[in-house]
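As C-alpha cells, the structure follows; a few thoughts come after it.
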Amino acid sequence: MSTQNEISRRRFLQGVGIGSLGLGLAACGATPVSPTNTPQSAATAAPAATATTAAAVTVEPTATPIPKTVGSKGNINVIYWSDRNDSFKSLMEAFTEETDIGVTYELAPSDYAEFYNMMRTRLAGGDDTIDIAIYRDMMGNQLLAADFLLDVNPILEDKKVSISDIPSRLIESVTVDGRLSMLPNSHDAELLFWRTDWAEEAGVGGPPATWEEWREKAAKLTQAPDRYGIGLCGLKSQVCHEIQKWSSQAGASLLKVDHPGLKEAIVFYKELFATHKVAQPSTPEDGYYDTWLAYQENKFSSWWCWDAYFGYIKDNKDFWNDQVILAPPAAGPQNADINTACWGWVVGAHTRKQELCAEWIRFVGQPENQKIERVLRPGTPSRISLWSDPEVQERAPSASILANIVKEQGEEVLAGLPNSPNYAEIVNVFSDEVHGYFTDQIDVDAALKNYKERVTKLL
C-alpha cells in the first residue's frame with residue numbers, strides 16, 4: 518500500500534463526517550420526495566455491520582424478504598437504491614438468464630448520508646457481503662483510496678468492456694492514481710430550466726448565452742417578492758455544489774484555491790441575490806428541495822440545476838403546461854462547462870466472489886443492458902452512444918439536449934466533479950467559509966484566506 522493510500526485509509530477509518538456532502542448529493546440523481554414519488558424508507562434496508570476489525574464479517578439477512586434470482590453458478594449480493602418501475606429487477610433477471618449467476622438485491626438507505634456511513638462502516642469492518650453496489654462518484658473515490666473497493670480497470674480490460682463513449686472528464690473524475698473506482702452507469706448534468714411563457718411575456722427571448730446576459734434578462738423577469746428571475750440553492754450544506762459549477766465556468770474549482778476564478782464565481786453568485794436582487798433573498802437558507810418546490814409554485818423564471826428534476830417537474834400535472842424547456846447553461850467568463858456527476862457500479866474489496874462480480878461488470882457494461890436499467894428507472898445513461906436512442910430520449914428528456922450539446926461543442930464540455938480522495942472534508946471546509954460570506958459574517962477575501970489555510974493540507 519502506498520503512503521498516500523495509507524493516509525487516505527487512516528483518515529477514512531477515523532470517520533470522516535459526511536456533513537454537507539451527503540445532504541448536497543441527495544439531489545444528484547436522487548428522487549425528490551413528493552406525495553406521488555417517495556423513495557423507499559431506509560428502515561427497510563439491511564442493518565450495517567458493526568465490526569471494527571479488519572477480519573471478514575458476514576451480515577445476517579433481514580427478516581424482510583429480499584428480492585433475488587437463483588443461478589447454478591453461484592450468487593452475488595448487490596446493493597441498489599430504490600427499484601422504481603422494476604428497473605433493477607429486470608436487470609437481475611436478464612443477468613441470471615444470460616450467466617446462470619443469481620443476484621440478491623439489498624436495498625440501500627434512501628438517505629444518502631446514511632447510505633455512505635453504512636458502506637463506510639461495513640467495508641471498514643471487512644464485510645465480505647458487499648459484492649457489488651451502485652454508488653456516487655467522489656464517495657467511490659474515497660472508498661477506493663482507502664482500499665475498500667477494487668479497481669475496475671482490470672475487469673474492464675479482461676472482459677473487453679469499452680468505455681470510450683463515456684465522457685472523458687467523467688472518467689477522469691472517478692480515477693484515483695490510475696485506478697478506476699467504478700464503472701459509470703448514469704449521467705447527471707446541471708442544465709438551465711427556462712420559463713418560455715414568462716420570457717415571451719417580458720420580451721427577453723430565449724435562454725441566455727452568458728452570465729451577464731442571464732443577469733440582465735433575470736432583472737426583466739423579476740417581480741419581487743412574488744417572482745424572481747433566477748432560483749438559487751445557497752443552503753450551507755449545498756453551497757459547494759452550487760459554486761463548483763460557477764467556478765468551473767470561471768476556469769477554477771474548489772481544488773484551485775489560488776485561481777482568481779474562484780473568487781469571481783463566489784462574488785457574482787452573491788451579487789445575484791444580495792445586490793442585483795434577481796434571485797430570492799432567502800438563497801442562503803434554500804436548498805435543492807426548497808427551490809424545486811418553489812419552482813413549481815411559480816416563484817422562479819430560471820433555475821440552473823440537475824437535469825433529473827426536469828422529469829419530476831413534468832410529472833406534476835398541476836404545474837406542467839409545456840412552459841419549461843431545458844437548455845445549456847449560460848457560459849461563464851472562461852468557458853461553457855456543464856457540471857456533471859455520476860453513479861456507477863463498484864466492487865467491494867472484501868468480496869469472495871471476484872469472478873462472479875467481474876461477470877456483473879461485464880454484463881452491465883454492455884450498452885444494451887445499461888439501457889434496460891436506465892430507461893426503466895428512468896434516467897440518462899452514462900454512454901453518449903445511448904443519448905440519441907429514441908427510447909432513451911422519451912424516458913430521459915435531457916438525453917436529447919446532451920446529445921445536441923456534444924454534437925455542437927464536443928464531449929469535453931461535460932466536466933466531471935473535482936477529484937480528490939478527501940473531497941468530503943474539502944466540501945465541508947468550503948461550505949463553512951463561503952456560507953459565512955453569503956450571510957455577511959465575513960468578507961470574501963477573509964473567507965477565501967481561511968479556506969486556503971484549512972484546506973491546503975487536504976489537497
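Read in order, the letters of the sequence shown are residues 518 to 976 in the working numbering.
We put the CB at the ideal spot given by N, CA and C, even for glycine.
Is K831 helix, strand or coil by DSSP?
Within the sequence shown, numbered from 1, the residue matching residue 831 stands at position 314. In this structure, K831 counts as helix in the three-state DSSP scheme.
Option in A611, S607, N658 with minimal Cα separation from W860
Counting from 1 along the sequence shown, the entry for residue 860 is found at position 343. The shortest Cα separation from W860 among A611, S607, N658 belongs to N658.
Near Q761, what residues of its chain come up, given a Cβ to Cβ distance below 8 Å and the 5 sequence neighbours on each side ignored?
Counting from one through the sequence shown, the residue named residue 761 turns up at place 244. The answer, listed in chain order, is S770, L771, N856, L934, P935.
Buried or exposed: where does E929 fall if 16 or more other Cβ atoms within 10 Å of its Cβ makes it buried?
As a first step, residue 929 must be located in the sequence shown, where it is residue number 412. Exposed, because fewer than 16 other Cβ atoms sit within 10 Å of the Cβ of E929.
Comparing alpha-carbon positions, which option in W820, T613, R891 lies nearest P725?
For this step, residue 725 is matched to residue 208 along the sequence shown. Selected option, being the one with the closest Cα: W820.
Can you tell me which residues form a DSSP beta bridge with H704?
In the sequence shown, residue 704 corresponds to position 187, counting from 1. Paired residue(s): C859.
Please give the ranges of any alpha helix (DSSP H) in the region 592 to 653, keeping only runs that are unbroken, at least 4 residues long and fully inside the region.
604 to 616, 629 to 641
G849 versus L779, Y954, A741, D603, residue with shortest Cα-Cα distance:
By one-based count along the sequence shown, residue 849 stands at place 332. Selected option, being the one with the closest Cα: L779.
P552 (DSSP reduced to helix, strand or coil)
In the sequence shown, counting from the first residue as 1, residue 552 sits at position 35. For P552, the predicted structure reports a pLDDT of 30, less than 50, and the residue's modelled location is therefore unreliable. The matter cannot be settled from this model.
Quick one: Cα of I618 to Cα of F605, how far?
Within the sequence shown, numbered from 1, the residue matching residue 618 stands at position 101. Within the sequence shown, numbered from 1, the residue matching residue 605 stands at position 88. If I take the Cα positions, the gap works out to 15 Å.
Kindly indicate which residue of E615, P584, M656 has the alpha-carbon position closest to the one of A630.
Position 113 of the sequence shown holds residue 630. Closest option to A630, Cα to Cα, is M656.
Contact defined as beta carbons within less than 8 Å: I believe T897 pairs with A916. What is the distance between those atoms, to the nearest angstrom?
Taking the first residue of the sequence shown as 1, we reach residue 897 at position 380. Taking the first residue of the sequence shown as 1, we reach residue 916 at position 399. That pair is a contact at about 5 Å.
Would you call the CB atoms of G882 and L673 closer than 8 Å?
For the purposes of this step, residue 882 is taken as residue 365 along the sequence shown, with counting starting at 1. For the purposes of this step, residue 673 is taken as residue 156 along the sequence shown, with counting starting at 1. Their beta carbons are under 8 Å apart, which means G882 touches L673 by this criterion.
Could you tell me the alpha carbon to alpha carbon distance between T575 and K974, rounded to whole angstroms?
By one-based count along the sequence shown, residue 575 stands at place 58. By one-based count along the sequence shown, residue 974 stands at place 457. With a pLDDT of 36 at T575, under the threshold of 50, the modelled position of that residue is not reliable, and the figure given next carries that caveat. Answer to the nearest angstrom: the Cα atoms are 36 Å apart.
S819 (DSSP reduced to helix, strand or coil)
As a first step, residue 819 must be located in the sequence shown, where it is residue number 302. In this structure, S819 counts as strand in the three-state DSSP scheme.
Residue from Q958, D835, S754 whose Cα sits closest to the Cα of V946:
Residue numbering aside, residue 946 sits at position 429 when the sequence shown is read from its first letter. Here the closest residue by C-alpha is S754.
According to the Cβ coordinates, are I878 and L700 closer than 8 Å?
By one-based count along the sequence shown, residue 878 stands at place 361. By one-based count along the sequence shown, residue 700 stands at place 183. Going by C-beta atoms, I878 is nearer than 8 Å to L700.
Please list the segments of the alpha helix (DSSP H) lying wholly inside the region 903 to 953, counting only runs of 4 or more residues, in order along the chain.
907 to 912, 915 to 926
Using the beta-carbon count (16 or more within 10 Å), is G695 buried or exposed?
Locating residue 695 in the sequence shown gives position 178, where the first residue counts as 1. Burial call: exposed.
Three-state secondary structure (DSSP) of K500:
What the structure shows of the chain is the stretch from 518 to 976, and residue 500 is not part of that stretch, so it cannot be assessed.
With a threshold of 8 Å on Cβ separation, who are the neighbours of K888 within its own chain once the five nearest residues in sequence on each side are excluded?
By one-based count along the sequence shown, residue 888 stands at place 371. Answer for K888: P898, L903, D906, E908, V909, listed in chain order.
Buried or exposed for A858, please, with buried defined as at least 16 other CB atoms from any protein chain shown within 10 angstroms of its CB.
Translated into positions along the sequence shown, residue 858 becomes position 341. Label assigned to A858: buried.
Among N702, F632, L873, R639, which has the Cα closest to the Cα of P895?
Here residue 895 refers to the residue found at position 378 when the sequence shown is read from its first residue. The shortest C-alpha separation from P895 is found at N702.
Can you grab the Cα-Cα spacing for the pair I735 / L640, in whole Å?
In the sequence shown, counting from the first residue as 1, residue 735 sits at position 218. In the sequence shown, counting from the first residue as 1, residue 640 sits at position 123. According to the sequence as given, residue 735 is Ala; it is not Ile. Roughly 48 Å separates the two Cα atoms.
Within 10 Å of its beta-carbon, does P626 have 16 or more other beta-carbons around it, so buried, or fewer, so exposed?
One-based indexing of the sequence shown puts residue 626 at position 109. Buried, since its Cβ has 16 or more Cβ neighbours within 10 Å.
With a CB to CB cut of under 6 Å and the five nearest residues on each side skipped, what residues in its chain are close to N939?
Taking the sequence shown and counting its residues from 1, the one referred to as residue 939 is at position 422. These residues qualify, in order along the chain: L975.
Separation of R637 from P500, as counted between CA atoms:
Nothing about residue 500 can be read from this structure; the chain reaches only from 518 to 976.
Between the Cα of Q628 and the Cα atoms of N602, K794, Y652, which residue gives the shortest distance?
Here residue 628 refers to the residue found at position 111 when the sequence shown is read from its first residue. Position check: residue 628 holds Asp in this sequence, whereas Gln was assumed. Of the listed residues, the one whose Cα sits closest to D628 is Y652.
Classify D957 as buried or exposed, calling it buried when 16 or more other Cβ atoms lie within 10 Å of its own Cβ.
Within the sequence shown, numbered from 1, the residue matching residue 957 stands at position 440. Looking at its Cβ environment, which holds fewer than 16 other Cβ atoms inside 10 Å, D957 is exposed.
Which stretch, first to last residue, makes up the beta strand (DSSP E) that contains A844?
Residue numbering aside, residue 844 sits at position 327 when the sequence shown is read from its first letter. Looking at the DSSP string, the run of the beta strand (DSSP E) that includes A844 is 841 to 844.
Tell me whether D600 is buried or exposed, calling it buried when 16 or more other Cβ atoms sit within 10 Å of its Cβ.
Taking the first residue of the sequence shown as 1, we reach residue 600 at position 83. D600 comes out buried.
Verify whether the separation of the beta carbon atoms of S948 and V774 is less than 8 Å.
Within the sequence shown, numbered from 1, the residue matching residue 948 stands at position 431. Within the sequence shown, numbered from 1, the residue matching residue 774 stands at position 257. No, these two residues do not count as a Cβ contact at 8 Å.
Residue nearest to Q840 in terms of C-alpha spacing, selected from A825, Y812, I593, V863
The residue labelled residue 840 in the question sits at position 323 within the sequence shown. Nearest of A825, Y812, I593, V863 to Q840, Cα basis: Y812.
Just tell me which of I918, F665, M609, L608 has its CA closest to the CA of Y633.
Within the sequence shown, the letter at position 116 stands for residue 633. It is F665 whose Cα lies nearest to the Cα of Y633.
Nearest CA to the CA of F955: which residue from C822, Y786, A853?
Numbered from its first residue, the sequence shown carries residue 955 at position 438. Nearest C-alpha to F955: Y786.
Look at the Cβ atom of C822, then the Cβ atom of Y805, and state whether they are nearer than 8 Å.
Position 305 of the sequence shown, counting from 1, holds the residue named residue 822. Position 288 of the sequence shown, counting from 1, holds the residue named residue 805. Yes.
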